[in-house]
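Asks: Residue numbers for the sequence shown follow the working numbering, so the first one is 1360 and each next one is one higher. Glycine included, each C-beta is placed from N, C-alpha and C at the ideal position. Being a predicted model, the structure only gives us computed values, none of them experimental.
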Amino acid sequence: MATGDTRTNGSDDALARGSREEIEKAQQLASRYGVEFLDPDDFHLDGELFSTIPAKLMYRYNFVPLRRDDGELTVVLADPSDVRVQDELELALGATVSVVVGTPTFINDILKKSESSQRVLEEATEGFQPRMIEEDEDIEKSLSIESLEGDASPIIKLVDSVIFTGIQRRASDIHLETRDHELAIKYRIDGALYHAMKPMSKRYAAEVVNRVKVMSELDISEKRIPQDGRFKKLIGRRSIDFRVSVLPTLYGENIVIRILDKEAIQKEFSQLNLEVLGFTPKQIERIRKFINEPYGMVLVTGPTGSGKTTTLYAALSEIKNEEDKIITIEDPVEYQLDGVTQIPVNEKKGLTFSRGLRHILRHDPDKVMVGEIRDPETAHIAVQSALTGHMVFTTVHANNVVDVIGRLLNMGVESYNFVSALNCVLAQRLVRRICPSCRQKANYTPEQLRYWGIDPQAYGDVTFFRGIGCLDCHGTGYQGREAILEILEMTDSIREMILEKRSAAEIKRQARKEGMRFLRDEAVERAVAGITTIEEINKVTFME
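1) Can at least three beta-carbon pairs, one atom from the region 1829 to 1843 and one from the region 1795 to 1808, be found at a separation below 8 Å?
2) Taking DSSP as the reference, what is the three-state secondary structure of Phe1590?
3) Grab the span of the beta strand (DSSP E) containing Arg1791 for me, first residue to last.
4) Whose C-beta lies closer than 8 Å to the C-beta of Ala1801 among residues of the same chain, with five residues either side of it excluded?
5) State yes or no: is the beta carbon of Lys1867 nearer than 9 Å to at least one beta carbon in chain B?
6) Using DSSP bridges, identify the partner residues of Met1559.
7) For Met1728 versus Ile1685, is the C-beta distance shorter than 9 Å?
8) Report the rounded CA-to-CA distance for Pro1703 versus Phe1712, giving the unit in angstroms.
9) According to DSSP, simplified to helix, strand and coil, what is Ile1890?
10) As an exercise, report each continuous beta strand (DSSP E) stretch of at least 3 residues that is fully enclosed by the region 1591 to 1672, in chain order.
11) When you compare only the Cα positions, how much space is there between Tyr1418 and Ile1646?
12) For Tyr1654, which residues in the same chain have their Cβ closer than 7 Å to its Cβ, ignoring the five residues on either side in sequence?
13) Does the Cβ of Glu1845 have 16 or more other Cβ atoms within 10 Å, making it buried, or fewer, making it exposed?
14) Taking Pro1662 as the reference, which of Glu1677, Ile1688, Ala1757 has the closest Cα?
15) Count Cβ pairs between the region 1605 to 1616 and the region 1578 to 1590 that sit closer than 8 Å; are there 3 or more?
16) Quick one: what's Ala1385 bridged to in DSSP?
17) For Pro1489, does the three-state DSSP call read helix, strand or coil?
18) Whole angstroms is fine: what's the gap from Ala1870's alpha carbon to Glu1652's?
19) Do Gly1611 and Thr1537 have their CB atoms nearer than 9 Å?
20) Which of the three DSSP states is assigned to Lys1800 in this structure?
21) What does a CB cutoff of less than 7 Å around Ile1843 pick up in its chain, not counting 5 residues either side in sequence?
22) Rounded to whole angstroms, what is the Cα-Cα separation between Glu1380 and Asp1428?
23) From Phe1409 to Glu1806, what distance separates their C-alpha atoms?
24) Should the region 1634 to 1646 be regarded as contacting the region 1693 to 1709, the criterion being three or more beta carbon pairs within less than 8 Å?
25) What is the C-beta distance between Asn1421 and Ile1466, in whole angstroms, given that I count them as a contact (C-beta under 8 Å)?
26) Spatial neighbours of Ala1673 within its chain, please: C-beta separation below 7 Å, excluding the five flanking residues on both sides.
27) Just the Cα atoms here: how many angstroms apart are Leu1781 and Asp1532?
28) Determine the direct distance from the alpha carbon of Glu1865 to that of Arg1809, and round the result to whole angstroms.
29) Grab the span of the alpha helix (DSSP H) containing Pro1805 for me, first residue to last.
30) In the DSSP assignment, the alpha helix (DSSP H) including Arg1854 goes from what residue to what residue?
31) Going along the chain, which residues of its own chain have a beta-carbon closer than 7 Å to the beta-carbon of Ser1774, five neighbours each way excluded?
32) Quick one: Cα of Gln1445 to Cα of Gly1453, how far?
33) Excluding five sequence neighbours on each side, which residues of the same chain lie with their C-beta closer than 7 Å to the C-beta of Ala1738?
34) What is the DSSP secondary structure of Ser1744, counted as helix, strand or coil?
35) Have a look at Leu1619, Ala1741, Ile1469 and flag the residue whose alpha-carbon is nearest the alpha-carbon of Arg1717.
36) Can you tell me which residues form a DSSP beta bridge with Ser1713?
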C-alpha cells in the first residue's frame, strides 16, 4: 500500500460525503464557529502523518489528521464546538490542535478505508507476544475500539481485533491456518485470500483456536474430529452472525469463520434485482423470459462462492407477488425476503432437502426454490415438481451448463422427464472489478495474448487495465465483484441431442451455432471493457 498522498475514491462520493442534510449541518457549524469546511474532493491523506497518530485515538475521538504546520496539527472533526475533545487531543498528542469540519460519514469512511483498523490488529498482536495466556470466557460484550483497549487477556484482544478488522475490510471469511512452525491468519476479500498480518509463532495457535472454540461453544478438549459452531457479536449497533468450522490437520487445528452480516445484506438486498448483479441487458431479458414461465425448472450452476444463491434471490425478488406462494428450502437461510416462506435444512433433526421438498409440495406452492440438489431423491422430486405445474429454482454443482445435464442424468433422472421439465441452465462466475482509484493501463505482448487464448489481431489495439493497489482497495488492485454468465436455452434441437445421448462436445457446438455465448467469451468482453483484468478472467475461466 502506498504511503504517500492519496486522494479519496471519487466513486464512493455518496458514502464519503454523507447526506445532503449532513453536509448542510456541517457547513453551518463551520460558518458559526469561523472554521473551514472540508470538501471531500479536496481531501488528501498524508500517509506519513497518518501513521504517527495512534489508531485507537482516531477511533475514540472520531477524527482524521489533515496536515501538520510548524508544530500545529490540523484535524478533521464533525463538531468544532466540542472543546473537551480538542483539549484531550492536545494533551494526548503534545501539539496545538486546530480544527476543520467534515461530515461524520466522511470521517468514518476515511477511517474504514485507511490502514487504521489494520494497525489496531497489529497493536493487539504486539500485546500478547511475550507472555502466556489465560482464557476469559466473557464473550457477550459489544465489539468496538473501546472494547479492544480494555483489560481482557491479549489472546482475547487478538481474536476480537482479527474479527473487527475483517469486518472493516469487507471480508467474507476469516481463515486460521496452523502450520509447521507458525499460525497464519487470512481474510477472504472479493473471493481471494490475503494475509491479515505476518504469521505468528505456533506456540500461540492452541490458545487462539481455543478462544474461538469457547466463543462458539465447542469442545476445547476434542482435537481429533471436525466441529461446527456459531456465535454472535455486536459491532456498533449491528448484530453479526459468525459460523465456525474447525478441522484437525497434520500440524494442529484449522478454523474458518464465515461472516454473515445479515443487516448489511438486508440493506443491500432491499433493492436486489438482476440489473445490480452485472448481467448484460440481453442476458437479463432472456432470464426474465425463463423465470416468468408458468412452470418448469431454472438451474443455476457454478462452484462454491460463485453467487448462485444471490442470482436465485434476485430472480425471486423480481417475480414475487401477492397472488403466488413462494417457498424456499436452504442450507442455511442467509438472508430473508419479505413475502417468501423460507425453511432452513436441519439434517441433525432429519430435515433434509428431499424430505423438506416433499412436505413443501403439500403446502400448495406456486414457486419453489431448492438451495441445492445433492442427491438422487431431491433431483427426482424437483423434476416431478416442475412437471406438475410448479416453477422450480435450484442449483447444482457443476463446471458449466453442459456438465449439469450429465450430472443430473447420472443421478438416475430419466432423460425424457428432465428435458421436459428444464427451461434453461445458467452457469456463472464472479470476477473482481478493477479498483477505480488505482486503475492503470496494462501492456501485454502478442505472445502473452496468444498464450491466454486471446487473438492479438482482434484485440491488439485494445487498451487493457489493471489496479496497482491503493488505500481504497487495501493494496489489492480490486474492489467489488460482478457476475459473468452463460445461458443454455432448452431448444428443440438441444432436447433431441440430450435424448439421443449425444456427447457434451456436440451439444456445445450446437449451442454455439444457435448463438450461445460461453463464460470465456463473457469474461474476455469484461477485460476488453476495462472492468476486470486478464489475470482475473484466467483464474475463473478456462483458456481456450
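Replies: With the given structure in hand:
1) yes
2) Counting from 1 along the sequence shown, the entry for residue 1590 is found at position 231. Strand at Phe1590.
3) Taking the sequence shown and counting its residues from 1, one reaches residue 1791 at position 432. Residues 1781 to 1793.
4) The residue labelled residue 1801 in the question sits at position 442 within the sequence shown. Excluding positions up to five away in sequence, the list reads Phe1823, Phe1824, Arg1825, Thr1892, Ile1893.
5) The structure shown has no chain B; it contains just one protein chain.
6) Looking up residue 1559 in the sequence shown gives position 200. BP columns for Met1559 point to Leu1542.
7) By one-based count along the sequence shown, residue 1728 stands at place 369. By one-based count along the sequence shown, residue 1685 stands at place 326. Closer than 9 Å, so yes.
8) The residue given as residue 1703 occupies position 344 in the sequence shown. The residue given as residue 1712 occupies position 353 in the sequence shown. Going from the Cα of Pro1703 to the Cα of Phe1712 covers about 9 Å.
9) Counting from 1 along the sequence shown, the entry for residue 1890 is found at position 531. Ile1890 falls in the coil class under three-state DSSP.
10) 1597 to 1608, 1611 to 1619, 1655 to 1660
11) Translated into the one-based positions of the sequence shown, residue 1418 becomes position 59. Translated into the one-based positions of the sequence shown, residue 1646 becomes position 287. If you take the alpha carbons of Tyr1418 and Ile1646, they lie about 46 Å apart.
12) Translated into the one-based positions of the sequence shown, residue 1654 becomes position 295. Excluding sequence neighbours, Tyr1654 sits near Ala1745, Gly1748, His1749, Met1750.
13) The residue given as residue 1845 occupies position 486 in the sequence shown. Glu1845 is buried by the Cβ-count criterion.
14) In the sequence shown, counting from the first residue as 1, residue 1662 sits at position 303. Ranking the options by Cα distance to Pro1662, first place goes to Ala1757.
15) yes
16) Taking the first residue of the sequence shown as position 1, residue 1385 is located at position 26. Ala1385 pairs with nothing; no bridge assigned.
17) Counting from one through the sequence shown, the residue named residue 1489 turns up at place 130. Note on Pro1489: pLDDT 32, under 50, position unreliable in the model; no value is reported.
18) Start at 1 with the first residue of the sequence shown, and residue 1870 comes out as number 511. Start at 1 with the first residue of the sequence shown, and residue 1652 comes out as number 293. Taking the straight line from one Cα to the other gives about 21 Å.
19) The residue you call residue 1611 lines up with position 252 of the sequence shown. The residue you call residue 1537 lines up with position 178 of the sequence shown. Cβ distance < 9 Å, so Gly1611 and Thr1537 count as in contact.
20) Here residue 1800 is taken as the residue at index 441 of the sequence shown, counted from 1. Strand at Lys1800.
21) One-based indexing of the sequence shown puts residue 1843 at position 484. Closer than 7 Å at Cβ, skipping near neighbours: Gln1787, Arg1788, Val1790, Leu1878, Glu1881, Ala1882, Arg1885.
22) Translated into the one-based positions of the sequence shown, residue 1380 becomes position 21. Translated into the one-based positions of the sequence shown, residue 1428 becomes position 69. Their Cα atoms are separated by approximately 32 Å.
23) Within the sequence shown, residue 1409 is the residue found at index 50, counting from 1. Within the sequence shown, residue 1806 is the residue found at index 447, counting from 1. Taking the straight line joining both Cα atoms gives about 44 Å.
24) no
25) Reading the sequence shown from its first residue, position 62 is the one you call residue 1421. Reading the sequence shown from its first residue, position 107 is the one you call residue 1466. Correct: roughly 6 Å between the Cβ atoms.
26) Locating residue 1673 in the sequence shown gives position 314, counting from the first residue. Only Leu1631, Asn1632, Leu1633, Leu1636 meet the Cβ criterion.
27) Taking the sequence shown and counting its residues from 1, the one referred to as residue 1781 is at position 422. Taking the sequence shown and counting its residues from 1, the one referred to as residue 1532 is at position 173. Taking the straight line joining both Cα atoms gives about 34 Å.
28) As a position in the sequence shown, residue 1809 is number 450, starting the count at 1. As a position in the sequence shown, residue 1865 is number 506, starting the count at 1. Roughly 26 Å separates the two Cα atoms.
29) Position 446 of the sequence shown, counting from 1, holds the residue named residue 1805. Note, Pro1805: alpha helix (DSSP H), 1805 to 1810.
30) Position 495 of the sequence shown, counted from the start, is the residue given in the question as residue 1854. Segment 1851 to 1858, the alpha helix (DSSP H) holding Arg1854.
31) Taking the sequence shown and counting its residues from 1, the one referred to as residue 1774 is at position 415. Closer than 7 Å at the Cβ level, and outside the excluded window around Ser1774, lie Leu1768, Ile1857, Leu1858.
32) For the purposes of this step, residue 1445 is identified with residue 86 of the sequence shown, where counting begins at 1. For the purposes of this step, residue 1453 is identified with residue 94 of the sequence shown, where counting begins at 1. Their Cα atoms are separated by approximately 12 Å.
33) Here the question's residue 1738 lines up with position 379 in the sequence shown. Cβ within range, chain order: Ile1732, Leu1767, Met1770, Val1772.
34) Counting from one through the sequence shown, the residue named residue 1744 turns up at place 385. Of the three classes helix, strand and coil, the one that applies to Ser1744 here is helix, per DSSP.
35) One-based indexing of the sequence shown puts residue 1717 at position 358. The shortest Cα separation from Arg1717 among Leu1619, Ala1741, Ile1469 belongs to Ala1741.
36) Here residue 1713 refers to the residue found at position 354 of the sequence shown. For Ser1713, which the question treats as bridged, DSSP gives no partner whatsoever.
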